[in-house]
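Some notes on the structure that comes next.
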């Protein structure tokens, strides 16, 4: 029983360590590993943000555009919501753009 529990714990730790981390990116930053840069990502997502990538929380707060990077994918979202965790930015509504080939996808529920 102890061996089984130990193995399950080790596998869980290994899986969590291997998952891609999420980073908040500014539009002025550069990433040498990816072909598409954050400024280009913002231009690609701009026309889709109003319809597919905007989240309203309060009408009185100004909307901000957020870019996060997870693995090779950028996620762009416009929101006034003060997110506590970066995982929120990769959930719908958001625009997903592949950093290697520039393929654009709308994140749906």
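In the working numbering, the protein residues as written are 2 to 110.
All C-beta atoms, glycine included, are put in the ideal place defined by N, C-alpha and C.
Secondary structure at residue 49: helix, using DSSP grouped into helix, strand and coil. Residues of the same chain with a CB within less than 6 Å of the CB of residue 97, apart from the 5 flanking positions on each side, are 74, 76, 106 and 108 in chain order. Non-local beta-carbon contacts of residue 82 in its own chain, meaning distances under 7 Å to residues more than five positions away in sequence, involve 56 and 58 in chain order. Selection 79, 70 and 90 evaluated against residue 34 yields 70 as nearest (Cα-Cα). Contact annotation: residue 104 and residue 93 have beta-carbon atoms that are not nearer than 9 Å. Burial check for residue 78: the Cβ neighbour count within 10 Å reaches 16 or more, so the residue is buried.
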